[in-house]
Amino acid sequence: MFCITYSKKVFISSLAGLFIISVFLAEAPAAARAKLWPRMCASCHDGETALSKEALREKYPTVEVFTAAVMDKGARCMNILRNDRKLIKKIANEIGIKDSEEK
Ligand code: HEC
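By our numbering, the letter at position 54 of the sequence shown is numbered 49, and the numbering carries on one by one without gaps.
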């Protein structure tokens, strides 16, 4: 009798465990796809304080022009980005801006 109750508990808790794990696995790819923009840019680039990502994507169709804009036009509060072209490119791709070669 004890054994049966015990194994039922184990079964239910492992189901719960599997459920939690699968929720995390489902979330992971989305988080990996869009992690820089929300963390580093979205707080200001919300369409009110500064241009939204949609507006930036429209204004700067390629990674090159986007990078140039970040380096020349960005506000002083964006200085941490200036010398990191790789990071800028990642963010550009993340918000849907294309490398010029792909055009
Ligand atoms: C602390 C606030 C803040 C953060 C964080 C920030 N920006 Fe900005 N950004 C601004 C402001 C304000 C402007 C507008 C500057 C102006 O109009 O002179 C701007 C301008 C820009 C521009 C030029 C837009 C234009 O055409 O006028 C680009 C491109 C840009 N930001 C990209 C980024 C990216 C990419 C990130 C994240 C890695 C980022 N910014 C993070 C505040 C911020």
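Virtual Cβ for every residue (Gly too), placed ideally from N, Cα, C. Only a predicted model underlies this, so the values are computations on that prediction, with no experimental measurement involved.
Nearest to Gly69 by alpha-carbon distance, out of Cys39, Ser9 and Ser8, is Cys39.
Taking every protein chain shown into account, the CB of Ala11 has fewer than 16 other CB atoms within 10 angstroms, so this residue is exposed.
The C-alpha of Asp94 is placed about 23 angstroms away from the C-alpha of Ala45. In the structure shown, the three-state DSSP call for Thr44 is coil.
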